[in-house]
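A.B. asks:
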Amino acid sequence: MKTIVAELSMSKLPDFEGLAMFAKVAEEGSFAAAATAMGVSVATVSRAVTRLEERLGGRLFNRTSRRLALTDYGHTLAERAAKIYADAEEAEDVARETSSRPRGLVKLAAPLSFGARWVAPLLPEFFRAYPDISVDLHLTDAHADLIGEGFDAALRIAVMEDSSLVARLIAPVRRFVVASPTYLSRYGRPQHPHDLGAHQCLTYANRSKRDVWRFTHKNGEECLVTPTGPLRGTSVDALLPTVLAGLAITELPEFVATQYFVDKQLEPILTDWRMPEGGLYFVTPTTRARPAKVSALADFFIEKLTAAEWSAETLMGWKPPSHHKR
1 MKTIVAELSM SKLPDFEGLA MFAKVAEEGS FAAAATAMGV SVATVSRAVT
51 RLEERLGGRL FNRTSRRLAL TDYGHTLAER AAKIYADAEE AEDVARETSS
101 RPRGLVKLAA PLSFGARWVA PLLPEFFRAY PDISVDLHLT DAHADLIGEG
151 FDAALRIAVM EDSSLVARLI APVRRFVVAS PTYLSRYGRP QHPHDLGAHQ
201 CLTYANRSKR DVWRFTHKNG EECLVTPTGP LRGTSVDALL PTVLAGLAIT
251 ELPEFVATQY FVDKQLEPIL TDWRMPEGGL YFVTPTTRAR PAKVSALADF
301 FIEKLTAAEW SAETLMGWKP PSHHKR
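As numbered in the UniProt record's numbering, residues 1 to 326 make up the sequence shown, in order.
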């Protein structure tokens, strides 16, 4: 044993085992708890930490019969050792998943309305194909911080700008200004975006405080409108009842609007004008290798959603107006 310890102390190879066990002791606050967490004996942990201290030439813990505390020197090493431990665990997880059937929990974020209408109904088919994967699905229209909140992935409808994320475009998503036939017969049909100033328009509270609708005409003309109305909501579903009742105009994403176009509950207005077009993306953090379980989920949604069954072109043969610069 002394020969092995001596060889380790003289080796130019970092003492990964010692660093890992030191990190676990620092995290758990005791040698016994660390040993239990790692499934080894207390003696093994104690020898590894002692060996590391001898190798580095400094004491990492102040030990008494009742208390264990990091030294100042130990504090400087603990965070880096914890990262080495976490990276090693992740590397093993990725390798294990790659060499076997995808398995494990995927924490996924998706927009509230889109998730309820288009993501949740697909999950039974996914679970039949991948019975060893479970999904922690968070539906919210708030902007999820993938890295800060520990998400493995997100389905996001946006114009992607965040370079800290890896985003794959699944399908374009248009937006429509809509009203019910009842509203249009009572208050008239706007012919120009400026006409919206005389109408009740519902907006989204999760955008900037000053909501602005941006329009571009097929001839290249641009127009900005600040809509006003009796209701702001954090989701499409909060606005729809008032619009369907014939009391207001709003703008809707394509994946919601088209189902109401088909049964003529709502009509698109200002169809010669176009609002900024976003896209549906599958997004993952760049700071992590993509494990097999996330790749399986990405491939599944890309296959199922690329066709964009909600699109106006698919359902009704409508194509967006082409734009020409003046």
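Glycine included, every Cβ here is placed at the ideal spot set by N, Cα and C.
I'd like the span of the alpha helix (DSSP H) that includes residue 371, first residue to last.
C.D. replies: Summary: the structure shown does not reach residue 371, with the chain confined to residues 1 through 326, and so no result is reported for it.
A.B. asks: A37: buried (16+ other C-beta within 10 angstroms of its C-beta) or exposed?
C.D. replies: Along the sequence shown, one-based indexing puts residue 37 at 37. If you draw a 10 Å sphere on the C-beta of A37, you find fewer than 16 other C-beta atoms in it, and that means exposed.
A.B. asks: Any idea what DSSP makes of P241, helix, strand or coil?
C.D. replies: Working through the sequence shown from its first residue, we reach residue 241 at position 241. Three-state DSSP puts P241 in a helix.
A.B. asks: To the nearest angstrom, report how far apart L297 and L60 are at their CA atoms.
C.D. replies: Locating residue 297 in the sequence shown gives position 297, where the first residue counts as 1. Locating residue 60 in the sequence shown gives position 60, where the first residue counts as 1. Rounded to the nearest angstrom, the two C-alpha atoms are 43 Å apart.
A.B. asks: Within the same chain, show all residues whose beta-carbon is closer than 7 Å to that of H143, passing over the 5 residues directly before and after it, in chain order.
C.D. replies: The sequence position of residue 143 within the sequence shown is 143, counting from 1. Nothing meets the Cβ criterion.
A.B. asks: Ends of the beta strand (DSSP E) at R156?
C.D. replies: Here residue 156 is taken as the residue at index 156 of the sequence shown, counted from 1. It spans A153 to A158 - the beta strand (DSSP E) in which R156 sits, taken as one unbroken run.
A.B. asks: Taking the Cβ atom as the reference point for each residue, do L112 and L137 lie within a distance shorter than 8 Å?
C.D. replies: On the sequence shown, position 112 is the one that residue 112 refers to. On the sequence shown, position 137 is the one that residue 137 refers to. No. Outside cutoff.
A.B. asks: Identify whether S134 lies in helix, strand or coil by the three-state DSSP scheme.
C.D. replies: Position 134 of the sequence shown holds residue 134. If DSSP states are grouped into helix, strand and coil, S134 belongs with the strands.
A.B. asks: Over what stretch of residues does the beta strand (DSSP E) that includes A26 continue unbroken?
C.D. replies: Residue numbering aside, residue 26 sits at position 26 when the sequence shown is read from its first letter. Element bounds for A26: not the beta strand (DSSP E) but the alpha helix (DSSP H), F16 to E28.
A.B. asks: Exposed or buried, which one is V159 when buried takes at least 16 other CB atoms within 10 Å?
C.D. replies: Looking up residue 159 in the sequence shown gives position 159. Result: exposed.
A.B. asks: Between the Cα of A91 and those of S311, A308 and A292, spot the shortest distance and give me the residue it belongs to.
C.D. replies: Walking along the sequence shown from the start, residue 91 turns up at place 91. The shortest Cα separation from A91 among S311, A308 and A292 belongs to A292.
A.B. asks: Going by the beta-carbon positions, is the gap between S30 and L77 smaller than 8 Å?
C.D. replies: Against the sequence shown, residue 30 aligns to sequence position 30. Against the sequence shown, residue 77 aligns to sequence position 77. Against a cut-off of 8 Å, the Cβ pair of L77 and S30 comes out as no contact.
A.B. asks: From the beta carbon of R103, is the nearest beta carbon of chain B less than 8 Å away?
C.D. replies: The question asks about chain B, but that chain is absent: this structure has only one protein chain.
A.B. asks: Count the other CB atoms within 10 Å of the CB of A245; is the residue buried (16 or more) or exposed (fewer)?
C.D. replies: As a working note, residue 245 is residue 245 in the sequence shown. Counting Cβ neighbours within 10 Å, A245 comes out exposed, since fewer than 16 surround it.
A.B. asks: Using a Cβ-Cβ cut-off of 7 Å (strictly less than) and excluding sequence neighbours within five positions of R101, which residues of its own chain qualify?
C.D. replies: As a working note, residue 101 is residue 101 in the sequence shown. So the list reads D132, once near-sequence residues are dropped.
A.B. asks: In this structure, does DSSP put H75 in helix, strand or coil?
C.D. replies: In the sequence shown, residue 75 corresponds to position 75, counting from 1. In the structure shown, H75 sits in a helix (DSSP, three-state: H, G or I).
A.B. asks: Which residues share a DSSP beta bridge with W273?
C.D. replies: As a working note, residue 273 is residue 273 in the sequence shown. DSSP lists H217 as partners of W273.
A.B. asks: Please determine if the segment 213-232 and the segment 147-156 are in contact, where contact requires at least 3 C-beta pairs separated by less than 8 Å.
C.D. replies: no
A.B. asks: Per the DSSP calculation, G104 is bridged to which residue(s)?
C.D. replies: Start at 1 with the first residue of the sequence shown, and residue 104 comes out as number 104. Residue pairing by DSSP puts G104 in a beta bridge opposite I133.
A.B. asks: I'd like to check one pair, E254 with V173: are the Cβ atoms closer than 8 Å?
C.D. replies: Locating residue 173 in the sequence shown gives position 173, counting from the first residue. Locating residue 254 in the sequence shown gives position 254, counting from the first residue. Yes; because the gap between Cβ atoms is below 8 Å, this pair is in contact.
A.B. asks: Taking the alpha-carbon positions, what's the R66 to I302 distance?
C.D. replies: Within the sequence shown, numbered from 1, the residue matching residue 66 stands at position 66. Within the sequence shown, numbered from 1, the residue matching residue 302 stands at position 302. When only Cα atoms are considered, R66 and I302 end up about 56 Å apart.
A.B. asks: Can you look up G58 in the DSSP assignment and give me helix, strand or coil?
C.D. replies: The residue labelled residue 58 in the question sits at position 58 within the sequence shown. Residue state, collapsed to three classes: coil.
A.B. asks: For the segment 48-63 and the segment 11-28, state whether three or more C-beta atom pairs, one from each stretch, are separated by less than 8 Å.
C.D. replies: In short, these stretches touch, since the Cβ pair count reaches three.
A.B. asks: Would you call the CB atoms of L270 and V243 closer than 8 Å?
C.D. replies: In the sequence shown, residue 270 corresponds to position 270, counting from 1. In the sequence shown, residue 243 corresponds to position 243, counting from 1. Cβ atoms of L270 and V243: not closer than 8 Å.
A.B. asks: Express the C-alpha separation of A33 and A48 in angstroms, rounding to a whole number.
C.D. replies: Position 48 of the sequence shown, counting from 1, holds the residue named residue 48. Position 33 of the sequence shown, counting from 1, holds the residue named residue 33. Those two C-alpha atoms are separated by around 15 Å.
A.B. asks: Where does I84 fall in DSSP's three states?
C.D. replies: As a first step, residue 84 is located in the sequence shown; it is residue number 84 there, counting from the start. Secondary structure of I84 (DSSP, three-state): helix.
A.B. asks: If you draw a straight line from the C-alpha of V283 to the C-alpha of A82, how long is it?
C.D. replies: Within the sequence shown, numbered from 1, the residue matching residue 283 stands at position 283. Within the sequence shown, numbered from 1, the residue matching residue 82 stands at position 82. Those two C-alpha atoms are separated by around 27 Å.
A.B. asks: For the beta strand (DSSP E) holding P172, just list the boundary residues, first then last.
C.D. replies: Position 172 of the sequence shown holds residue 172. Going by DSSP, P172 is part of the beta strand (DSSP E) stretching over L165 to V173.
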